[in-house]
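Take a look at the structure below.
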Amino acid sequence: MDWEEKRESENEKNNIEDAYEKEIANTSDYYVKGPITSYKPYRKRRGVFSYFIVALIAALIGGIISSYVAPAYLYGKYLPIPELYKKNITENAEIKIIPKDDITTVTAVAKKAMKSVVGITTIQTVDYFFWGPRQQQGVGSGVIVDSNGYILTNSHVIADGKADKITVLFKNGDKKEGKVLWYEKALDLAIVKVDATNLPAADLGDSDKLQVGELAVAIGNPLGLEFQRTVTSGIISGLNRSIRVDENNVIENLIQTDASINPGNSGGPLLNSKGEVIGINTAKIQSAEGLGFAIPINTAKPIIEQVIKEGTFKTVFMGISGVEVEKYEKALGIDLKADSGVIVIEVASKSPAFKAGIRAGDVILKVDGENVISMNHLRRILYKYKPGDKANIEIMRNGETINLELTFETRPDNY
Numbered sequence: 158m159d160w161e162e163k164r165e166s167e168n169e170k171n172n173i174e175d176a177y178e179k180e181i182a183n184t185s186d187y188y189v190k191g192p193i194t195s196y197k198p199y200r201k202r203r204g205v206f207s208y209f210i211v212a213l214i215a216a217l218i219g220g221i222i223s224s225y226v227a228p229a230y231l232y233g234k235y236l237p238i239p240e241l242y243k244k245n246i247t248e249n250a251e252i253k254i255i256p257k258d259d260i261t262t263v264t265a266v267a268k269k270a271m272k273s274v275v276g277i278t279t280i281q282t283v284d285y286f287f288w289g290p291r292q293q294q295g296v297g298s299g300v301i302v303d304s305n306g307y308i309l310t311n312s313h314v315i316a317d318g319k320a321d322k323i324t325v326l327f328k329n330g331d332k333k334e335g336k337v338l339w340y341e342k343a344l345d346l347a348i349v350k351v352d353a354t355n356l357p358a359a360d361l362g363d364s365d366k367l368q369v370g371e372l373a374v375a376i377g378n379p380l381g382l383e384f385q386r387t388v389t390s391g392i393i394s395g396l397n398r399s400i401r402v403d404e405n406n407v408i409e410n411l412i413q414t415d416a417s418i419n420p421g422n423s424g425g426p427l428l429n430s431k432g433e434v435i436g437i438n439t440a441k442i443q444s445a446e447g448l449g450f451a452i453p454i455n456t457a458k459p460i461i462e463q464v465i466k467e468g469t470f471k472t473v474f475m476g477i478s479g480v481e482v483e484k485y486e487k488a489l490g491i492d493l494k495a496d497s498g499v500i501v502i503e504v505a506s507k508s509p510a511f512k513a514g515i516r517a518g519d520v521i522l523k524v525d526g527e528n529v530i531s532m533n534h535l536r537r538i539l540y541k542y543k544p545g546d547k548a549n550i551e552i553m554r555n556g557e558t559i560n561l562e563l564t565f566e567t568r569p570d571n572y
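Below is the structure:
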């Protein structure tokens, strides 16, 4: 190459450098007009730290692909499934969630029986010693047992017949005044009548066939009408239970359930898996959870039938007045030589007891082999009998046990 060619080459190089410097001078701090393709500046060599950063990012990307992308999108479709994942897939496939049958059953029972449950509110005049008469409100539940307006509830819900006013609230929002046709404090049952027809009556089951462990569903108005028709479920926890509701009253032959029963549930139905009424909720043990009790529906069936047919229910009677042995002994400070029973204070003339040979001072121990605990208990026993039925009465007279046969008669209106 001669000096002229060399000179032209140097001039061309200088022109290129001038153009690059001019292009650099036209750039701003944040933007460039465009890439310069006519000249590539010298690039600095990357340090060791740069390679470390690149390797770290690559490792992270690879971990994500292997742990998430591959199992979810690649394995089994484009790549063979590793043995480790095969094991996990097999284990996960064995886990099945199966809904419990009783959830469906409870829902079906509630739908069937809900329309038959009513709310009951009462107004009672209570005479307070210091403040005088005051009106007191009460809230409970009931169940329609006949389409012509017959409602079964607890005696204590209608204040044992002392309520001044009873209002029945139906599921559709209707309210009607109720009238007490019959009640029995010893049984804690009552029948209220409203002026209505074509009401949705509940189906009545057979409480004698109950077994421990069966499904139990309670419907009622716990804690007032704000929570009306609340549904709770559980099982039949026990049968033939006895509880003392007050000093003078022990209720026997009760159904025990762990279905939640709270104040306001009283009088509402206890239902089986078929949606049939098997009991009337009556009480709960306040000092424990899961201890609710209901009166067997078979106790109420003959009463319901007679009240619907005759407008009231009349029990048989013995014709005595008496008091518990324990109370009598404490009051007089004497020993009657009887551990339990009822001592006869008075016998009505020409009554079944008088005709059977029972006299004042006798202690009634048993009726057809069933121990007599109190006068209320004796009244409940009489609900098992009809006029004309006979019973063996075991008494104690002057320390001697005697058995007498008594024929029951219908209780007179004035007794």
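Counting from 158, one number per residue, gives the positions in the sequence shown under the working numbering.
The beta carbon of each residue, even a glycine, is placed where N, CA and C say it ideally should be.
1) Between the Cα of residue 331 and those of 306, 347, 313, 550, spot the shortest distance and give me the residue it belongs to.
2) At what residues does the beta strand (DSSP E) containing residue 307 begin and finish?
3) For the beta strand (DSSP E) containing residue 371, list its first residue and its last residue.
4) Taking 8 Å as the CB-CB limit, is residue 359 close to chain D?
5) Whose CA, out of 539, 515, 299, lies closest to the CA of residue 279?
6) Can you name the start and end residues of the alpha helix (DSSP H) that residue 433 belongs to?
7) Have a look at the DSSP bridge pairing and note the partners of residue 291.
8) Between which residues of its own chain and residue 424 is the CB-CB distance below 6 Å, once the five residues before and five after are set aside?
9) Would residue 214 be called buried (16 or more neighbouring beta carbons within 10 Å of its own) or exposed?
10) Pull up the distance between the alpha-carbon of residue 490 and that of residue 556, whole angstroms please.
11) Within its chain, find whatever has a CB closer than 7 Å to the CB of residue 561; leave out the 5 residues flanking it on each side and keep chain order.
12) Who are the near neighbours of residue 356 in its chain, counting only those whose CB is closer than 7 Å to its CB and skipping five residues on each side?
13) Determine the DSSP secondary structure at residue 565, reduced to helix, strand or coil.
14) Applying the 10 Å Cβ sphere with the 16-neighbour rule, what's the burial state of residue 386?
15) Report back the beta-carbon spacing between residue 395 and residue 369 to the nearest angstrom; my notes put them in contact at under 8 Å.
16) On a CA-only basis, which of 294, 338, 408 is nearest residue 345? Give me that one, please.
17) Under 8 Å: do the region 326-340 and the region 523-533 share three or more Cβ pairs, one atom per stretch?
18) Going by the DSSP bridge assignment, what does residue 377 pair with across the sheet?
19) Once DSSP output is grouped into helix, strand and coil, what is the label at residue 318?
20) Quick check on residue 262: does DSSP put it in helix, strand or coil?
21) Considering only the alpha carbon of each residue, which of 378, 479, 343 lies closest to residue 499?
22) Taking DSSP's pairing of strands, which residues face residue 560 in a bridge?
23) On the premise that residue 338 lies in contact with residue 350, defined as a C-beta separation below 8 Å, what is that separation, rounded to the nearest angstrom?
24) What does the alpha-carbon distance come out to for the pair residue 431 and residue 504?
25) Starting from residue 350 and walking both ways along the beta strand (DSSP E), at which residues does that stretch end?
26) Taking only runs of the beta strand (DSSP E) that begin and end inside the region 441-510, which ones reach a length of at least 3 residues, in chain order?
Answer, in terms of the structure:
1) The shortest C-alpha separation from residue 331 is found at 306.
2) 307-310
3) Looking at the DSSP string, residue 371 is not in any beta strand (DSSP E), and its letter there is neither H nor E.
4) Judged by its chain identifiers, the structure shown contains no chain D, having just a single protein chain.
5) 299
6) Counting along the chain, residue 433 falls outside any alpha helix (DSSP H), and DSSP gives it neither H nor E.
7) Per DSSP, the beta-bridge partners of residue 291 are 283.
8) 297, 298, 299, 310, 311, 314
9) exposed
10) 17 Å
11) 513, 514, 515, 550, 552
12) 301, 304, 306
13) If DSSP states are grouped into helix, strand and coil, residue 565 belongs with coil.
14) buried
15) 6 Å
16) 408
17) no
18) 387
19) helix
20) helix
21) 479
22) 551
23) Right, the Cβ-Cβ distance comes to about 5 Å (below 8 Å), so this counts as a contact.
24) 47 Å
25) Where residue 350 is concerned, the enclosing beta strand (DSSP E) stretches over 346-350.
26) 449-453, 477-481, 499-504, all fully within the region 441-510.
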